[in-house]
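A.B. asks: Note that the protein sequences, when read in sequence, are chains A and B.
Under numbering that gives the first Met the number 0, residues 0 to 364 are what the first sequence spells out, in order.
Under numbering that gives the first Met the number 0, residues 0 to 320 are what the second sequence spells out, in order.
Glycine residues also receive a C-beta, built at the ideal position from the N, C-alpha and C atoms.
The model shown is predicted, which means the values in this text are computed figures rather than measured ones.
Please find one structure pasted underneath; my questions will follow.
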Amino acid sequence: MLKYVIRRVIQAIPVLFGISLVTYGILAIAPGGPTARFAQNPRITQAQIDAFKHRWGLDDPLYLQYAKWLGIWGDAGVLNALPGGSVDIAGLHIDLPGGDNGILHGDFGYSVTDGRTVTDVIGERVLPTFILAGTAYVIWIFIAIITGVYAAVRRYSLFDSALTIFNYVGFSFPTFWLGIMLITLFAAPPLKWFPVGGMWTTRTIPIFATGEYWTFVGAHPLTALWDLGAHLVLPVLTLVVVNIAYDSRFVRSSMLDALNQDFVKTARAKGVPERTVIFKHALRNALLPVVTNIGLEIPFLFAGAIVTETIFSWPGMGREFIQATGHFDYPVLMGILLITSIIVVFANLVADIMYAVVDPRVQYD
Amino acid sequence: MDNAPVTPAALEELEAANPDYEVNLVSLNQWQLAWRRFKRHRLAVFGSILFLTICAIAFIGPLIAPFDFYNVPEPVKYCTGSTTLRASNGCPPSLNHFLGTTGGLQRDLLVLVINGARLSLAIGVGASVFAAVIGTIVGGVAGYFGGWIDNILMRVVDVMLSLPLLFVILVVAKFLGGGNWFVVMVVFAVFGWQTIARLVRSLFLSLRSEVFVDAARAVGVSDRRIIFRHILPNAVSPIIVATTLAVASVIVSEAFVSFLGFGVDVTQPTWGNILSNSLTFIPLGNWWWPLFPGLSIVFTVLGINFMGDGLRDALDPRSRD
Numbered sequence: 000m001l002k003y004v005i006r007r008v009i010q011a012i013p014v015l016f017g018i019s020l021v022t023y024g025i026l027a028i029a030p031g032g033p034t035a036r037f038a039q040n041p042r043i044t045q046a047q048i049d050a051f052k053h054r055w056g057l058d059d060p061l062y063l064q065y066a067k068w069l070g071i072w073g074d075a076g077v078l079n080a081l082p083g084g085s086v087d088i089a090g091l092h093i094d095l096p097g098g099d100n101g102i103l104h105g106d107f108g109y110s111v112t113d114g115r116t117v118t119d120v121i122g123e124r125v126l127p128t129f130i131l132a133g134t135a136y137v138i139w140i141f142i143a144i145i146t147g148v149y150a151a152v153r154r155y156s157l158f159d160s161a162l163t164i165f166n167y168v169g170f171s172f173p174t175f176w177l178g179i180m181l182i183t184l185f186a187a188p189p190l191k192w193f194p195v196g197g198m199w200t201t202r203t204i205p206i207f208a209t210g211e212y213w214t215f216v217g218a219h220p221l222t223a224l225w226d227l228g229a230h231l232v233l234p235v236l237t238l239v240v241v242n243i244a245y246d247s248r249f250v251r252s253s254m255l256d257a258l259n260q261d262f263v264k265t266a267r268a269k270g271v272p273e274r275t276v277i278f279k280h281a282l283r284n285a286l287l288p289v290v291t292n293i294g295l296e297i298p299f300l301f302a303g304a305i306v307t308e309t310i311f312s313w314p315g316m317g318r319e320f321i322q323a324t325g326h327f328d329y330p331v332l333m334g335i336l337l338i339t340s341i342i343v344v345f346a347n348l349v350a351d352i353m354y355a356v357v358d359p360r361v362q363y364d
Numbered sequence: 000m001d002n003a004p005v006t007p008a009a010l011e012e013l014e015a016a017n018p019d020y021e022v023n024l025v026s027l028n029q030w031q032l033a034w035r036r037f038k039r040h041r042l043a044v045f046g047s048i049l050f051l052t053i054c055a056i057a058f059i060g061p062l063i064a065p066f067d068f069y070n071v072p073e074p075v076k077y078c079t080g081s082t083t084l085r086a087s088n089g090c091p092p093s094l095n096h097f098l099g100t101t102g103g104l105q106r107d108l109l110v111l112v113i114n115g116a117r118l119s120l121a122i123g124v125g126a127s128v129f130a131a132v133i134g135t136i137v138g139g140v141a142g143y144f145g146g147w148i149d150n151i152l153m154r155v156v157d158v159m160l161s162l163p164l165l166f167v168i169l170v171v172a173k174f175l176g177g178g179n180w181f182v183v184m185v186v187f188a189v190f191g192w193q194t195i196a197r198l199v200r201s202l203f204l205s206l207r208s209e210v211f212v213d214a215a216r217a218v219g220v221s222d223r224r225i226i227f228r229h230i231l232p233n234a235v236s237p238i239i240v241a242t243t244l245a246v247a248s249v250i251v252s253e254a255f256v257s258f259l260g261f262g263v264d265v266t267q268p269t270w271g272n273i274l275s276n277s278l279t280f281i282p283l284g285n286w287w288w289p290l291f292p293g294l295s296i297v298f299t300v301l302g303i304n305f306m307g308d309g310l311r312d313a314l315d316p317r318s319r320d
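As structure tokens, then:
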């Protein structure tokens with residue numbers, strides 16, 4: 000088992016390396032770049048642009064730029080990838096040989112638009128995305144399991160056919176159009192039940208996750224929660240409707256498989272009550288593949304709601320990505336691409352290992 | 000066994016020559032059998048008709064009602080049957096404009112949706128076919144030759160599948176596309192072949208060890224001939240199904256990318272572009288503007304999905320649940 004885990008982790012390393020290469024490559028061949036904004040300004044001379052390029056290392060050859068970005072070359076030379084700084088062990092002060100710049104040290108550089116560090120820019124987007132995607136995720140997994148299992152148990156019933164049709168339509172609904180139509184129906188006149196977008200009512204509530212916001216939440220917890228809830232309804236509904244379709248179909252077919260197994264027939268033949276057969280014998284086995292599938296959807300909690308966030312102006316990672324693309328903000332783009340890819344690789348790894356753990360039939364090698 | 004199609008005339012001749020013949024055994028080849036199964040799948044037939052109708056509209060429609068970006072209709076102050084000033088609002092569906100008109104420039108929505116179908120479908124179908132070709136080549140090479148080639152190619156696929164593809168497509172389409180629909184199509188193909196490559200690889204892996212391939216190799220058939228004559232024809236059905244279903248997802252993604260303004264140039268109507276323009280007018284209550292282009296997408300995708308399911312059942316009967 001341990002051998003299997005270690006082997007999978009080692010296999011992930013070249014993939015991560017490839018991801019960093021592709022991410023860097025895409026933005027290296029893209030036109031524009033950090034100096035593009037000077038083109039419009041007649042007072043900036045070529046000498047100044049060259050100085051700027053030299054200052055930021057943009058006149059280096061591409062492989063050197065990549066090495067510096069990754070952190071395998073830098074102030075500490077070839078040893079830059081090693082941990083830098085200094086440590087105190089038992090009163091002994093040791094200077095480490097490594098550097099402290101580059102991706103390997105968690106340094107993603109600075110945003111071109113506002114000069115803050117990329118980690119700051121991305122960091123403040125994590126919580127809103129997590130709130131939106133997490134709420135939707137819990138609701139749709141819950142509904143998908145219940146409807147999927149029920150449809151499988153009552154196969155060919157009216158409910159089963161209705162769910163199948165709903166799933167077909169759900170598959171075919173473009174997420175962004177569903178969001179637009181929900182806004183048209185419930186947020187535009189005449190109904191105006193919910194806000195059109197955003198995460199809080201800017202007129203009455205301070206900016207989210209600032210000190211003032213938490214003070215406000217402390218003073219009026221119900222107002223704040225109610226406001227957040229009202230802003231959540233439509234985006235969560237959008238995500239849930241679109242995502243239920245796939246998952247409930249998955250649960251249904253997995254439950255059908257389990258119900259056809261020999262041990263279920265044996266249990267029935269022995270006269271075990273139908274309830275026990277369904278919940279104890281079939282459901283437990285049916286949920287095995289479902290658990291893995293749920294694990295694979297976890298990266299979505301950090302990155303996936305790009306479409307919904309854009310439509311509903313939700314201040315999360317997806318929207319930040321769209322804005323950064325519009326601003327040619329390369330460091331932020333690379334940061335988001337890299338972090339989400341790493342999360343995907345990690346989730347795949349966890350799902351594989353989880354599957355090996357819960358299903359003893361899986362061979363490790 | 001004779002696989003040549005039996006013409007009615009030939010049958011009559013046969014019956015005349017053999018009066019005792021009571022049962023006419025007509026042997027059908029694989030594709031005729033698949034077609035028979037497909038016809039029995041009612042939803043699939045419905046889906047195909049829906050999709051083909053939309054394709055026909057996309058092809059013929061623009062000839063009847065062409066769209067010209069620079070040709071702006073004469074402004075109207077009042078909508079048909081209304082006495083309130085139009086302001087910058089569009090008009091709801093009426094007999095003059097079946098799907099209503101847009102706000103602002105007051106273009107006819109029907110003309111927009113018909114003309115939008117062309118690029119949306121072209122990008123969807125083109126990108127999927129192109130991706131299927133790349134995927135088949137990569138997956139075939141990896142699956143047939145195995146070894147280090149397989150290892151390298153599959154790591155490349157792993158890397159590309161780990162990237163959030165929609166993000167990458169957005170960036171590449173924005174920076175390289177410049178609004179050209181052909182470039183957008185190529186971008187979708189270049190970032191969309193990985194799942195088909197995995198599929199083809201697994202098919203090749205299992206077919207490679209079949210007895211008939213061993214037999215072919217034993218009598219000295221070349222690699223190229225084994226791949227194209229012995230393995231590929233057996234792998235074609237799943238590839239067709241996967242490609243069909245990919246068309247639907249490309250159409251949706253393309254609409255979204257164009258909707259964000261990173262796809263096809265705004266001077267050309269696509270369903271995504273029409274939806275994108277509608278956004279500012281939704282708070283004014285112009286429900287028909289986002290409704291109809293969106294419905295076109297839903298119907299197209301629904302049709303393709305039904306068709307794909309029918310194809311799967313017809314071409315690969317073993318995969319039915």
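1. Once you ignore the five residues that flank V251 of chain B on each side, which residues in its own chain have a CB closer than 8 Å to its CB?
2. Pick helix, strand or coil for M0 of chain B, following the three-state DSSP scheme.
3. Give the residues of chain A in contact with D157 of chain B, contact being defined as C-beta atoms less than 7 Å apart.
4. Looking at chain B, which residues of the stretch 164 to 180 of chain A have a Cβ within less than 8 Å of any of its Cβ atoms?
5. With three or more C-beta pairs closer than 8 Å as the rule, is the stretch 112 to 132 of chain B touching the stretch 267 to 279 of chain B?
6. Can you tell me whether F320 of chain A is buried or exposed, with buried defined as 16 or more other CB within 10 angstroms of its CB?
7. What does the Cβ neighbour count give for V263 of chain B, buried or exposed, with the cut at 16 atoms within 10 Å?
8. Does any CB atom of chain A fall closer than 8 Å to the CB of V112 of chain B?
9. Taking only runs of the alpha helix (DSSP H) that begin and end inside the stretch 305 to 333 of chain A, which ones reach a length of at least 4 residues, in chain order?
10. Looking at I238 of chain B: is its Cβ nearer than 8 Å to the Cβ of T135 of chain B?
11. Can F144 of chain B and F305 of chain B be called in contact, C-beta distance under 8 Å?
12. With A322 of chain B and A245 of chain B assumed to form a contact (beta carbons below 8 Å), what rounded beta-carbon distance in angstroms separates them?
13. Go ahead and pull the three-state DSSP assignment for T44 of chain A.
14. With DSSP as the reference, please indicate the residues paired to T116 of chain A in a beta bridge.
15. For A172 of chain B, count neighbouring Cβ atoms within 10 angstroms of its own Cβ and tell me buried if that reaches 16, exposed if not.
16. Starting from L233 of chain A, find everything on chain B with Cβ-Cβ shorter than 8 Å and list it in chain order.
17. If we count the other Cβ atoms within 10 Å of its Cβ and call it buried at 16 or more, is Y69 of chain B buried or exposed?
18. Please name the residues in the stretch 130 to 162 of chain B whose beta-carbon is closer than 9 Å to at least one beta-carbon of chain A, in chain order.
19. If contact means a Cβ-Cβ distance below 7 Å, which residues of the stretch 242 to 253 of chain A contact chain B?
20. With a threshold of 8 Å between beta carbons, is F258 of chain B in contact with chain A?
21. How would you list, in chain order, the residues of chain B whose beta-carbon sits under 9 Å from the beta-carbon of A29 of chain A?
22. Within 10 angstroms of its Cβ, does W225 of chain A collect 16 or more other Cβ (buried), or is it exposed?
23. So, is the C-beta of I121 of chain A closer than 8 Å to a C-beta in chain B?
24. Check whether the Cβ atoms of T146 of chain A and S247 of chain A lie closer than 8 Å to each other.
25. For H230 of chain A, report the span of its alpha helix (DSSP H) as first-last.
26. So the alpha helix (DSSP H) L49 of chain B belongs to, where does it begin and stop?
27. Against N304 of chain B, what residues of chain A qualify as contacts under a CB-to-CB distance less than 8 Å, listed in chain order?
28. What does W286 of chain B touch in chain A if you count any residue whose Cβ is under 7 Å from its own?
29. DSSP puts I368 of chain A in a beta bridge; with which residues?
30. Can the beta-carbon of Y354 of chain A be found less than 8 Å from the beta-carbon of T291 of chain A?
31. Assuming V239 of chain A and I138 of chain A are in contact, meaning their beta carbons sit under 8 Å apart, how far apart are those beta carbons, in whole angstroms?
32. Please classify Y62 of chain A: does DSSP put it in a helix, a strand, or coil?
33. Between the stretch 236 to 268 of chain B and chain E, which residues of the former have a C-beta closer than 9 Å to a C-beta of the latter?
34. Would you tell me roughly how many angstroms separate the C-alpha atoms of W180 of chain B and V357 of chain A, rounded to the nearest one?
35. Please report the residue range of the alpha helix (DSSP H) in which T135 of chain B lies.
36. Between I133 of chain B and V235 of chain B, what straight-line distance do the alpha-carbon atoms span, to the nearest angstrom?
C.D. replies: Judging by the given coordinates:
1. The count along the second sequence starts at 1 and reaches residue 251 of chain B at position 252. These residues qualify, in order along the chain: I296 and V300.
2. By one-based count along the second sequence, residue 0 of chain B stands at place 1. Interpretation of M0 of chain B is limited by its pLDDT of 44, a score under 50 that renders its predicted location unreliable; the figure taken from the coordinates is listed afterwards. If DSSP states are grouped into helix, strand and coil, M0 of chain B belongs with coil.
3. Within the second sequence, numbered from 1, the residue matching residue 157 of chain B stands at position 158. Those within 7 Å of D157 of chain B in chain A are V14.
4. Y167, V168, F170, S171, F172, P173, T174, F175, W176, I179 and M180
5. yes
6. Position 321 of the first sequence, counted from the first residue, corresponds to residue 320 of chain A. Counting Cβ neighbours within 10 Å, F320 of chain A comes out buried, since at least 16 surround it.
7. Stepping through the second sequence from its first residue, residue 263 of chain B is reached at position 264. Residue burial is scored here from C-beta neighbours: V263 of chain B has at least 16 other C-beta atoms within 10 angstroms and is therefore classed as buried.
8. Within the second sequence, the letter at position 113 stands for residue 112 of chain B. No - not a single Cβ of chain A is within 8 Å of the one on V112 of chain B.
9. 305 to 310 and 316 to 325
10. Here residue 238 of chain B refers to the residue found at position 239 of the second sequence. Here residue 135 of chain B refers to the residue found at position 136 of the second sequence. In contact: I238 of chain B and T135 of chain B (Cβ atoms closer than 8 Å).
11. The residue you call residue 144 of chain B lines up with position 145 of the second sequence. The residue you call residue 305 of chain B lines up with position 306 of the second sequence. No, they are not a contact pair.
12. Past the edges of chain B, shown from 0 to 320, lies residue 322 of chain B, and the structure says nothing about it.
13. Stepping through the first sequence from its first residue, residue 44 of chain A is reached at position 45. Three-state DSSP puts T44 of chain A in coil, outside helix and strand.
14. Taking the first residue of the first sequence as position 1, residue 116 of chain A is located at position 117. For T116 of chain A, which the question treats as bridged, DSSP gives the partners A:Y109.
15. What you label residue 172 of chain B is simply residue 173 of the second sequence in a count that begins at 1. It is buried - the Cβ of A172 of chain B has at least 16 other Cβ atoms within 10 Å.
16. Stepping through the first sequence from its first residue, residue 233 of chain A is reached at position 234. The contacting residues do not exist; L233 of chain A stays about 13 Å from chain B at best.
17. Looking up residue 69 of chain B in the second sequence gives position 70. Exposed is the call here.
18. R154, V155, D157, V158, M159, L160, S161 and L162
19. S252
20. Here residue 258 of chain B refers to the residue found at position 259 of the second sequence. So, interface residue.
21. Here the question's residue 29 of chain A lines up with position 30 in the first sequence. Going along chain B in sequence order, the residues near A29 of chain A (Cβ under 9 Å) are V170, V171, K173, F174 and L175.
22. Along the first sequence, read from residue 1 onward, the residue named residue 225 of chain A stands at position 226. Exposed.
23. In the first sequence, residue 121 of chain A corresponds to position 122, counting from 1. I121 of chain A does not count as touching chain B.
24. Within the first sequence, numbered from 1, the residue matching residue 146 of chain A stands at position 147. Within the first sequence, numbered from 1, the residue matching residue 247 of chain A stands at position 248. Between T146 of chain A and S247 of chain A, the C-beta spacing is below 8 Å.
25. As a working mapping, residue 230 of chain A is identified with position 231 in the first sequence. Element bounds for H230 of chain A: P220 to L258.
26. Counted from its first residue, the second sequence places residue 49 of chain B at position 50. Segment R41 to I63, the alpha helix (DSSP H) holding L49 of chain B.
27. The sequence position of residue 304 of chain B within the second sequence is 305, counting from 1. The contacting residues are Y167, F170 and S171.
28. Position 287 of the second sequence, counting from 1, holds the residue named residue 286 of chain B. Under the 7 Å cutoff, chain A gives T183.
29. Beyond the ends of chain A as shown, which are 0 and 364, falls residue 368 of chain A; an answer cannot be given.
30. Position 355 of the first sequence, counted from the start, is the residue given in the question as residue 354 of chain A. Position 292 of the first sequence, counted from the start, is the residue given in the question as residue 291 of chain A. Yes, these two residues count as a Cβ contact at 8 Å.
31. Position 240 of the first sequence, counted from the start, is the residue given in the question as residue 239 of chain A. Position 139 of the first sequence, counted from the start, is the residue given in the question as residue 138 of chain A. Confirmed, Cβ separation roughly 5 Å.
32. Taking the first residue of the first sequence as position 1, residue 62 of chain A is located at position 63. Y62 of chain A: helix per DSSP, three-state reduction.
33. Absent from the structure is chain E; the protein chains it does hold are A and B.
34. Against the second sequence, residue 180 of chain B aligns to sequence position 181. Against the first sequence, residue 357 of chain A aligns to sequence position 358. Approximately 47 Å between the Cα atoms of the pair.
35. For the purposes of this step, residue 135 of chain B is taken as the residue at position 136 of the second sequence. L108 to F144 is the extent of the alpha helix (DSSP H) around T135 of chain B.
36. What you label residue 133 of chain B is simply residue 134 of the second sequence in a count that begins at 1. What you label residue 235 of chain B is simply residue 236 of the second sequence in a count that begins at 1. Going by the C-alpha atoms only, they are around 14 Å apart.
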